[in-house]
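Top line first, the protein sequences correspond to chains E and F.
Throughout the first sequence, residue numbering follows the numbering used here, covering 603 to 795 in sequence.
Throughout the second sequence, residue numbering follows the numbering used here, covering 603 to 795 in sequence.
2 protein chains.
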Amino acid sequence: MSIFKERILSEGKVYPNNVLKVDSFLNHQIDPRLMEELADSFYQEFKDARVTKVMTVEASGIAPAILAAYKLDVPMLFAKKQKPSTIEKKEFLSAMVHSYTKDTDNRVIVSSKYLSPEDRVLIIDDFLANGEAAMGLVSLVEQANATVVGVGICVEKSFQEGRKRLEDHGVHVYSEARIASLDNETVTFIDGH
Amino acid sequence: MSIFKERILSEGKVYPNNVLKVDSFLNHQIDPRLMEELADSFYQEFKDARVTKVMTVEASGIAPAILAAYKLDVPMLFAKKQKPSTIEKKEFLSAMVHSYTKDTDNRVIVSSKYLSPEDRVLIIDDFLANGEAAMGLVSLVEQANATVVGVGICVEKSFQEGRKRLEDHGVHVYSEARIASLDNETVTFIDGH
Chain E
603 MSIFKERILS
613 EGKVYPNNVL
623 KVDSFLNHQI
633 DPRLMEELAD
643 SFYQEFKDAR
653 VTKVMTVEAS
663 GIAPAILAAY
673 KLDVPMLFAK
683 KQKPSTIEKK
693 EFLSAMVHSY
703 TKDTDNRVIV
713 SSKYLSPEDR
723 VLIIDDFLAN
733 GEAAMGLVSL
743 VEQANATVVG
753 VGICVEKSFQ
763 EGRKRLEDHG
773 VHVYSEARIA
783 SLDNETVTFI
793 DGH
Chain F
603 MSIFKERILS
613 EGKVYPNNVL
623 KVDSFLNHQI
633 DPRLMEELAD
643 SFYQEFKDAR
653 VTKVMTVEAS
663 GIAPAILAAY
673 KLDVPMLFAK
683 KQKPSTIEKK
693 EFLSAMVHSY
703 TKDTDNRVIV
713 SSKYLSPEDR
723 VLIIDDFLAN
733 GEAAMGLVSL
743 VEQANATVVG
753 VGICVEKSFQ
763 EGRKRLEDHG
773 VHVYSEARIA
783 SLDNETVTFI
793 DGH
């Protein structure tokens, strides 16, 4: 079992409604050595995909994404959750993303300057559940007529529909940890370990 | 002149009201090699300060902070700009931060679990202007009775009061690029280069 999965088992906390809290090492406090190991996995999976850019969405995706971009030696681009004052309207692409956890709709945006039809984009995120954020990022890439080479995920809730939505859309998904179930406040990985 | 300052001169764009846009390499699209160089500088400045944790605030601070934490071999903690549903109220520390750029007030929070009186915290952020965000992070560290060992900044607007506020509070500030002026749409560094 990978060190990452071991950390999920030892430090992850399961709450009602399939909430898995891993904020001691992934999305609040972050272990940089663990991020490097995740980045190594993403590098191995996508090193021959001629990636030109790594893309994520603020905030929890940024740490694994910057290290994956470092390994692949390409820039990282993070989508923002609202229009900041320093990006002019006509300069950005946008997509709507629903958060089931918070029951809110957020617009995610990127400056159109940083995605071109020649780009081959690897999307990285910390979690994949219903696939809302990942599909939003895929939409941004497609609006720029660029290519999605794949999606790299730290923790996949495989009992939710995110992977299926991406695969039905023709997108290759690689997840470091695939969770089959969070029933009985217990993490069960999809490979049985 | 450092590569970082050269990138500010070659790619930074100055807008009215002292807005410096560096979103091609620092706070929207991010150059991971440049982040590593910044992290090396922060490491050199703070390597003897017995840092136990690097802290920043979402979202633009995360990339330089995770690489600084990697170099210093300590965890990174990022403050969030609102209460997420997976952190219970009594579990977090909070501080108010005013954004002059957006003219909004945001609460920044961290889980109290991840700051203890033994912690020696290096605060990292992409920009230092009026010092609102940095002072908010200092307040969070102090609420936990932990120690701020210093603040590491990528771009300091030295014509604004942030550094003075931090230094008056007894906090050591190290900035990779110190900007004396953005007058006439031109970046002038404080050391004249």
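Ideal Cβ placement from N, Cα and C applies to all residues, glycine included.
All values reported here derive from a predicted model rather than from experimental measurement.
Compute the minimum distance between the beta carbon of residue i and the heavy atoms of the ligand COA, and state whether it is under 7 Å.
| i | result |
| --- | --- |
| E:Y672 | You won't find the ligand COA in this model; it holds no ligand whatsoever. |
For residue i, count the other beta carbons within 10 Å of its own beta carbon; 16 or more makes it buried, fewer makes it exposed. Which is it?
| i | result |
| --- | --- |
| E:I632 | buried |
| F:S777 | buried |
| E:S718 | exposed |
| F:E608 | exposed |
| E:S626 | buried |
| F:I711 | buried |
| E:D721 | buried |
| E:N801 | Here chain E covers residues 603 to 795 and nothing more, so residue 801 of chain E does not appear. |
| E:P618 | exposed |
| F:S612 | exposed |
| E:K682 | buried |
| E:M737 | buried |
| F:I725 | buried |
| F:Y645 | buried |
| E:I755 | buried |
| E:I610 | buried |
| F:E769 | exposed |
| F:M603 | exposed |
So who's on the other strand from residue i, going by DSSP bridges?
| i | result |
| --- | --- |
| F:T658 | F:F680 |
| E:G754 | E:I726, E:Y776 |
| E:Y617 | E:V621 |
| F:N698 | The sequence given here has Met at residue 698 of chain F, not Asn. Paired residue(s): F:R709. |
| E:K759 | E:I781 |
| F:A606 | Correcting the residue identity first, residue 606 of chain F is Phe in this sequence and not Ala. Answer is none; F:F606 lacks a bridge partner. |
| F:T790 | F:S783 |
| E:Q631 | F:L679 |
| F:T749 | F:R722 |
Output needed for residue i: all residues of its chain with C-beta closer than 6 Å, excluding positions within five of it in sequence on either side, in chain order.
| i | result |
| --- | --- |
| E:L669 | M637, E638, A641 |
| F:I792 | S760, R780, A782 |
| E:P686 | For E:P686, the predicted structure reports a pLDDT of 48, less than 50, and the residue's modelled location is therefore unreliable. The matter cannot be settled from this model. |
| F:D785 | none |
| F:S662 | N629, D728 |
| F:Q745 | L695 |
| E:V621 | none |
| E:Q762 | A731, N732 |
| E:T749 | R722 |
| F:L742 | L695, A697, V712 |
Leaving aside the five residues before and after residue i along the sequence, list all residues of the same chain whose C-beta is less than 7 Å from its C-beta, in chain order.
| i | result |
| --- | --- |
| E:N747 | P719 |
| F:A671 | V656, P677, M678 |
| F:A735 | V659, V699, D727 |
| F:E787 | V616 |
| E:P844 | Residue 844 of chain E lies beyond the residue range present for chain E, which begins at 603 and ends at 795; the question has no answer from this structure. |
| E:F606 | L636, E639, L640, E778, A779 |
| F:R767 | G733, M737 |
| E:G614 | L622, K623, V624, V789 |
For residue i, return the contacting residues in chain E, with the cut-off set at a CB-CB distance below 8 Å.
| i | result |
| --- | --- |
| F:L679 | H630, Q631, I632 |
Name, please, each residue of chain E whose Cβ falls closer than 7 Å to the Cβ of residue i.
| i | result |
| --- | --- |
| F:E660 | E660, A661 |
Kindly list, in the order they appear in chain E, the residues whose Cβ is closer than 9 Å to that of residue i.
| i | result |
| --- | --- |
| F:Y672 | P634, R635, M637, E638, L669 |
| F:D770 | By Cβ distance, chain E contributes nothing, its closest Cβ being about 29 Å from F:D770, past 9 Å. |
Tell me which residues share the same chain as residue i and place their Cβ nearer than 8 Å to its Cβ, disregarding the 5 neighbours each side in the sequence.
| i | result |
| --- | --- |
| E:F694 | K685, I711, V712, S713, S714 |
| F:G752 | E647, F648, A651, L724, I725, V773, H774, V775, Y776 |
| F:H771 | M737, V740 |
Which residues in chain F have a C-beta closer than 7 Å to the C-beta of residue i? List them in chain order.
| i | result |
| --- | --- |
| E:I664 | A661, I664, A665 |
At a Cβ cut of 9 Å, what residues of the stretch 630-650 of chain E count as close to chain F, listed as they run along the chain?
-> H630, Q631, I632, D633, P634, R635, M637, E638
Relative to chain F, which residues along the stretch 705-724 of chain E have a C-beta separation below 7 Å, given in chain order?
-> S713, Y716
What residues from the stretch 722-741 of chain E come within 7 Å of chain F, judged by C-beta to C-beta, listed N to C?
-> none
Chain F contacts made by the stretch 606-626 of chain E, where a contact means CB separation under 8 Å = Y617, V621, K623, D625, S626
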